[in-house]
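Notes for the one structure printed next.
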Amino acid sequence: MSQDSIIIVKDLVKKFGNFIANDHLTFDVYQGEIFGFLGANGAGKTTAIRILCGLSTPTSGKVSVAGYDAYKQTEKIKQNIGYMSQRFSLYEDLTAFENIQFYGGIYGLSSKEIKSRSAKLFDRLGFEEFQKKQIKDIPLGWRQKLAFSVAIFHKPKIVFLDEPTGGVDPITRRQFWDLIYQAANDGITIFVTTHYMDEAEYCNRASIMVDGRIADIDTPLNMIKKYNANSMDDVFYILARKMVD
Amino acid sequence: MRTIGYIIRKEFTQIFRNKSMLPIIFVMPIIQLIILVNAATLDLKRVNMVVVDEDLSHSSRALVSKFQGSPFYKIKAAFFSVKEAEEAVLSGDANVILHIPVHFERKLLKENNVSVQLLIDAINGVAAGLTNAYSTAIIADFNKDIRAELVTIPIPDGMYKTINTIPYYWYNPQLSYKNFMVPGVLGILITMIGMFLACMNLVREKEIGTIEQINVTPIRKYQFIAGKLIPFWIIALCELAFGLTVGKLLFNTPFLGSIWLLFSFSALYLIVILGFGLFISTFADTQQQAMFVSWFIAMVFIMMSGLFTSIENMPNWAQIMNKINPIAYFMRVVRMIVLKGSGLKDILPEFIYLFGYAILIVNLAIWRYRKTA
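As they're listed, the protein sequences go chains B and A.
Going by the working numbering, the first sequence opens with residue 402, and the numbers climb by one from there.
Going by the working numbering, the second sequence opens with residue 517, and the numbers climb by one from there.
Encoded structure:
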């Protein structure tokens with residue numbers, strides 16, 4: 402794996418009034434890796450991911466995504482990323498294909514390209530039966546997979562996934578991670594937040610956030626060794642307790 | 517341009533798929549047109565009168581029968597005291613009391629000067645004013661007759677030369693309130709539909725969270741606003757065409773001006789109204805907030821627009837306030853075109869003004885819409 406940094410974050414601070422959501426975050430994400438951004442609910446993951454996506458402006462610190470500055474070049478960043486938010490964000494009253502067509506169109510793909518890519522996508526997912534169904538009639542697991550496919554439909558350099566597997570059954574979660582691996586194989590850098598610690602072990606590297614700060618950042622295996630733990634789950638408990646004390 | 521096209525296509529798909537949307541867009545306005553135009557009328561149709569005739573003479577009966585002969589008056593009862601008659605007004609059975617005093621005839625003959633009293637229920641001021649005007653006209657008419665009948669002395673030349681006014685009401689010769697109301701009500705309908713639909717639509721995307729997915733795309737702000745504005749602009753224009761047809765069929769409203777001029781002006785006007793709706797929606801987080809704010813603004817604008825009451829009669833400050841009221845411009849122009857047949861030259865100032873307004877408000881909406889919080 403190349404060690405070129407595609408995301409560079411230095412001393413990132415985000416305050417909402419007196420509340421410090423992100424407290425001097427510093428980390429790099431390398432080109433092509435699957436980076437796990439872990440932490441409990443309310444640890445500040447979503448705040449950070451929204452800044453990286455150009456949806457929110459940092460209070461201070463240096464943030465660069467795909468070579469663009471998160472203060473001034475948010476629109477350039479947006480051309481190079483995909484984003485799947487915590488809240489389900491496809492149009493429920495549109496069909497699967499209409500959703501893809503809409504987002505593909507917004508990203509400036511030609512209608513020919515949209516057609517050929519979506520045909521491939523539906524074929525690969527085994528999704529044909531849902532193509533003409535409205536999203537509200539499609540089961541949750543499939544919706545999540547579709548939302549992910551929409552997020553990478555325009556072939557971005559980086560895709561941000563904010564708790565993509567929330568509320569999904571274990572089998573679908575496995576299938577979902579298969580999709581993530583496929584995308585990573587295609588050269589897309591994956592930035593994924595989750596609070597399922599077993600998923601952390603699927604990542605190349607992971608950071609663990611506690612109370613707005615990054616407690617540690619390393620490969621899952623190194624962390625398990627370092628803290629003399631059995632799993633990432635244990636690592637998380639150890640770090641969370643240490644920070645609170 | 518292609519991006520805007522994709523948004524428009526998506527909006528139309530959603531609008532036509534929503535089962536409650538089409539009735540709201542087309543059926544509701546028609547019903548409102550029928551009800552409002554027929555019901556909201558200031559025409560005086562029927563005045564219930566009670567009479568207190570203390571004279572009981574030939575002349576007093578002649579006066580009462582004069583009222584009886586008018587199609588607008590219905591003599592409900594006769595009483596011997598004003599007090600009894602007042603009770604009829606209090607209970608709502610009558611709107612007006614005609615009180616003819618004792619010695620009415622004698623004074624009329626001897627002193628050539630006598631008064632009758634009209635007591636009018638003025639809870640509805642407009643109706644009371646009209647009742648007064650009609651009654652005065654009838655009494656004046658009676659006056660003329662009685663003179664001719666009673667004064668037998670030859671009238672010297674020039675003694676009764678009075679100036680007669682023969683009114684001719686231009687642009688609405690029958691003073692039909694319907695002709696006045698149809699264009700106005702149509703204006704209100706496209707305003708409400710346009711403003712509310714555009715406003716609610718954008719806020720709905722905020723509520724269901726899809727706006728975030730759009731904000732993370734490289735879409736330009738003007739593209740998004742245009743994509744939200746154009747579908748409702750088309751719908752509102754279709755609605756105007758539909759409403760005009762219905763107005764023509766149901767009320768046979770005259771249409772003197774150019775239909776193309778009306779549509780070009782409405783097209784411009786709707787950009788202002790939709791821009792307003794979208795501007796409001798950039799502030800609101802929920803459809804409820806959006807609804808209340810746009811309802812409030814639309815209400816004030818409509819009430820002040822001259823739909824029911826003439827702007828020229830409003831106090832000075834209200835007339836100044838109306839300078840920023842797009843609906844007031846629309847009301848004036850739509851009636852000018854429809855009833856008066858005004859051409860582009862006549863409405864040019866309003867056209868230029870609304871053009872500037874449209875540019876301003878749409879730019880405000882684009883500026884206020886935030887892709888980055």
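Glycine is no exception: its CB is placed at the ideal position from the N, C-alpha and C atoms.
Identification of chain A residues near residue 480(B) by a Cβ-Cβ cut-off of 9 angstroms yields 733 and 734, ordered along the chain.
Between the region 521 to 538 of chain B and the region 565 to 574 of chain B, the count of Cβ pairs shorter than 8 angstroms is below three; the stretches do not touch. Residue-level contact by beta carbon fails for residue 541(B) and chain A, as no gap is shorter than 8 angstroms. With a threshold of 16 other beta carbon atoms within 10 Å, residue 562(A) falls short and is exposed. In this structure, the straight-line span from the alpha carbon of residue 476(B) to that of residue 643(B) is close to 39 angstroms. CA-to-CA, the gap between residue 454(B) and residue 580(B) works out to about 21 angstroms. In this structure the region 738 to 757 of chain A touches the region 523 to 532 of chain A; the number of beta carbon pairs closer than 8 angstroms is three or more. For residue 490(B), the chain A residues whose Cβ falls inside 7 angstroms of its Cβ are 725, 726, 728 and 729, in order along the chain. Within the DSSP secondary-structure output, residue 440(B) pairs in a beta bridge with 610(B). Neighbourhood of residue 503(B) in chain A, by CB distance below 7 angstroms: 522 and 526, in chain order.
With at least 16 other beta carbons inside 10 angstroms of its own, residue 591(B) counts as buried. A direct Cα-to-Cα measurement between residue 560(B) and residue 838(A) gives close to 51 angstroms. Under the criterion of beta carbons closer than 8 angstroms, residue 502(B) and residue 515(B) qualify as touching, at roughly 6 angstroms. It is roughly 8 angstroms from the alpha-carbon of residue 588(B) to the alpha-carbon of residue 432(B). Apart from sequence neighbours up to five positions away, the residues of its chain that approach residue 465(B) with a beta-carbon distance below 6 angstroms are 409, ordered along the chain. Listed as beta-bridge partners of residue 615(B) by DSSP are 610(B). Excluding five sequence positions before and after residue 637(A), the CB atoms of its chain that fall closer than 6 angstroms to its own CB belong to 605 and 611, given in chain order. Under DSSP, the beta-bridge partners assigned to residue 615(A) are 568(A) and 633(A). At a cut-off of 8 angstroms between beta-carbon atoms, residue 841(A) makes no contact with chain B.
Cβ-Cβ distances below 6 angstroms link residue 439(B) to 601, 607 and 609 in the same chain, with the five nearest sequence neighbours on each side left out; the list follows chain order. For residue 476(B), the neighbours in chain A by C-beta distance under 7 angstroms run, in chain order, 734. For residue 448(B), the uninterrupted alpha helix (DSSP H) segment begins and ends at 446 to 453.
Residue 682(A) sits in coil when the DSSP states are folded into three classes, being neither helix nor strand. By the beta-carbon neighbour count (other beta carbons within 10 angstroms, threshold 16), residue 715(A) is buried.
Nearest to residue 417(B) by C-alpha distance, out of 437(B), 436(B), 461(B) and 411(B), is 461(B). The beta-carbon separation of residue 583(A) and residue 614(A), rounded to 7 angstroms, stays under the 8 angstroms limit for a contact. Within 9 angstroms of the CB of residue 889(A), the CB atoms of chain B belong to 451, 456, 457 and 458, in sequence order along the chain. One alpha carbon belongs to residue 604(B), the other to residue 626(B), and they sit about 16 angstroms apart. Secondary structure in the region 803 to 837 of chain A: the alpha helix (DSSP H) runs of 4 residues or longer, each lying completely within the stretch, are 803 to 820 and 832 to 837 in chain order.
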